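See below for the structure under consideration.
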Amino acid sequence: MLPSICTLASFLLFAFTLAFAGDIVHHDDVAPTRPGCANNFVLVKVPTYVDGVENSEYVGVGARFGPTLESKEKRANHTRVVLADPPDCCTKPLNKLTSEIILVHRGKCSFTTKANIAEDAGASAIIIINNQRELFKMVCEDNETDVNIGIPAVMLPQDAGINLEKHIRNNSIVSIQLYSPHRPLVDVAEVFLWLMAVGTILCASYWSAWTAREVAIEQEKLLKDGSDEYVNAENVGSSGYVEISTAAAILFVLFASCFLVLLYKFMSYWFVEILVVLFCIGGVEGLQTCLVALLSCFRWFQHAAQTFVKIPFFGAVPYLTLAVTPFCIVFAVVWAVYRRVSYAWIGQDILGITLIITVLQIVRIPNLKVGTVLLSCAFLYDIVWVFVSKWWFHESVMIVVARGDKSGEDGIPMLLKIPRLFDPWGGYSIIGFGDILLPGLLVAFSLRYDWLSNKNLRAGYFLWAMTAYGLGLFVTYVALNLMDGHGQPALLYIVPFILGTFLLLGMKRGELKILWTRGEPERTCSHIQEDQQSINH
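The sequence shown lines up with residues -21 to -1, 1 to 516 when you count with mature numbering (1 follows the signal peptide of the UniProt record, and there is no 0).
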């Protein structure tokens, strides 16, 4: 019972929803635009060379004004960098410039004033060092008229600018390139994420349906034999899974919203560490459950799976569970310790997928009514915390939490992620657990309904629900790429596909009332006999 509680708690904590690839173009409707000052804010790669030797590479942000930057590295010129004198470049520089890039400090005058002075002095570009570690969007002031600037302007964070200054003051020759590469239309990471999400729901649905059919067969056998054990068997499986009610579905989304705001407000290194511990606990339970179920399919392990030992507090535990638990704990601990290395995403995805499969096996929706309420609330939840929250907090709460801003960590653990292999910006494509878990509950319900009512694949609902989920997730990634990697609420696209398909199909077949209220049908003896024959064959 304790593992089920742990997994259910993981469901409540980690139903995080977002598809994300990291933005390289920032569309801003707040910063003023006008002719000559209407560029998008793009990230800029700034590789540096000291005395002809390649050094560090920094990332800056382009200004609202000035020409657009080259997108190809091979076409970006190596240009020498010189310090401005005076450093703020608010007056004409004392040093003569011959198409060098001038490095200046932020402050005392506007960005466009600095850029105009640098251009008049003969600079080929201007690099402005911010007065803090973060980047700042360089815009045109409302009262400025001379905004037709002919040189690129890029801002670097404070630490990057200080490093460049040190090299120049040490009499080193420093040169840089400025370019802003485009993100590829499709990265293989998104294809693999799509396959992982669809495959996870597929496995979990078949496992959930198989378990439900086995329980129904066992109950029907006892009822047919007239056994007194049927009274005790009526609730077989009831301790093994939890059914969500309509009220619980609404409360879940409210709880998830409160938890998300809590993450946003108290995001820090130690808060993420707590999340990592909770994720490892859920991951151990998920990995253990999946391994035991998988190994139990082989006859060599069936005896160990069916013999139990009593352990205080945990009760009767199969020997097979005892055998695999140490491996699962070690696996989770090793991932937690080495989660910052480049290949740690593999361990995170394994723990995440097994946790999701286990939750979809334990948590169930009883009918379409509950599924509709849950997904509709989740649909609104996604829209509110990705888009609407910008009006309240001046930034997207969901995206800030997903990136792990202010925590010093590379995002939170309740995500599946794959490195973007062919993206010049690198980074990860990610999908939140909730984008798999929440639609997965309805997909798993559809297969249980099909099996328990003896519907074949074409006449049932599972194939259509699975296809709708796959299409919805595909549209999510199309939108993600059209928005230059800006985080998208995946349920905004998935929910209309999957709910619309279910409701329209139910209405067309005249089964909507049964799906809406009763859900999984009662079993008959003929159904059981057919199931037994199919199993024997």
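For each residue, glycine too, the CB sits at the ideal point set by N, CA and C.
Please read all numbers here as calculations on a predicted model, not as lab measurements.
Here the alpha carbon of Ile325 sits roughly 15 Å from the alpha carbon of Thr179. Taking a contact as a CB-CB distance under 8 Å, the pair Ile410 and Leu395 counts as one, their CB atoms being some 5 Å apart. Close CB contacts of Trp495 within its chain, under the 7 Å cut and outside five residues either way in sequence, are with Asn346, Leu347 and Lys348 (chain order). Taken through DSSP and simplified to helix, strand or coil, Tyr440 comes out as coil. For Val61 against Glu79, the beta-carbon gap comes to about 5 Å, under 8 Å, which counts as contact. Its chain contains Pro163, Asp166 and Val167 as the residues whose beta carbon lies nearer than 8 Å to that of Phe401, once the 5 sequence neighbours on both sides are disregarded; these appear in chain order. Judged by DSSP in its simplified three-state form, Phe412 adopts coil rather than helix or strand. By the 16-neighbour rule on beta-carbons within 10 angstroms, Glu98 is buried.
With contacts defined by Cβ atoms closer than 8 Å, Leu330 and Leu266 form a contacting pair. Nearest to Leu420 by C-alpha distance, out of Glu222, Glu144 and Gly294, is Glu222.
In the three-state reduction of the DSSP assignment, Lys24 falls in the strand class. Residues of the same chain with a CB within less than 7 Å of the CB of Leu450, apart from the 5 flanking positions on each side, are Phe476 in chain order. Leaving aside the five residues that flank Gln111 on each side, the residues in its chain whose CB is nearer than 6 Å to its CB run, in chain order, Gln137. Between the region 299 to 306 and the region 223 to 241, the count of Cβ pairs shorter than 8 Å is below three; the stretches do not touch.
Trp370 is classed as exposed because its beta carbon has fewer than 16 other beta carbons within 10 Å across all chains shown. In terms of CA proximity to Pro392, Ile260 leads the group Ile260, Gln281 and Leu353.
Nearest to Ala188 by alpha-carbon distance, out of Gly489, Met486, Asn433 and Ala458, is Asn433.
Only exposed fits Asn435, as fewer than 16 other CB atoms lie within 10 angstroms of its CB. For Ile128, the three-state secondary structure derived from DSSP is coil. In the DSSP assignment, Lys289 falls within the unbroken beta strand (DSSP E) covering Phe287 to Ile290. The residue among Trp186, Asn56 and Ile128 with its C-alpha nearest the C-alpha of Cys16 is Ile128. For Lys93, no beta strand (DSSP E) segment is defined; the enclosing uninterrupted segment is the alpha helix (DSSP H) at Phe90 to Asp99.
Here Ala295 is bridged, per DSSP, to Lys289.
If you compare the alpha carbons of Phe44, Arg427, Tyr456 and Gly390 with that of Thr190, the shortest gap goes to Arg427. Nearest to Val288 by alpha-carbon distance, out of Pro297, Thr47 and Gln281, is Pro297. Secondary structure remark: continuous beta strand (DSSP E) runs of at least 3 residues inside the region 346 to 409, in chain order: 394 to 398. Fewer than three pairs of CB atoms, one per stretch, sit closer than 8 Å, so the region 139 to 151 makes no contact with the region 437 to 446.
Check the Cα spacing between Ile141 and each of Tyr37, Val312, Ile336 and Pro403: the tightest is with Tyr37.
Contact between Arg85 and Asn109 holds, since their C-beta atoms are separated by about 6 Å, short of 8 Å. About 7 Å separates the Cβ atoms of Cys69 and Lys93, confirming a contact at the 8 Å cut-off. By DSSP's assignment, Met134 forms a beta bridge with Val40 and Ile107. Under the 10 Å beta carbon count, Glu199 is surrounded by 16 or more other beta carbons and is classified as buried. Assignment of Thr268 by DSSP, reduced to helix, strand and coil, places it in the helix class. In terms of Cβ geometry, Pro131 and Pro72 do not form a close pair [threshold 8 Å].
Nearest Cα to Ile196 within the set Tyr472, Trp430 and Leu452: Trp430.
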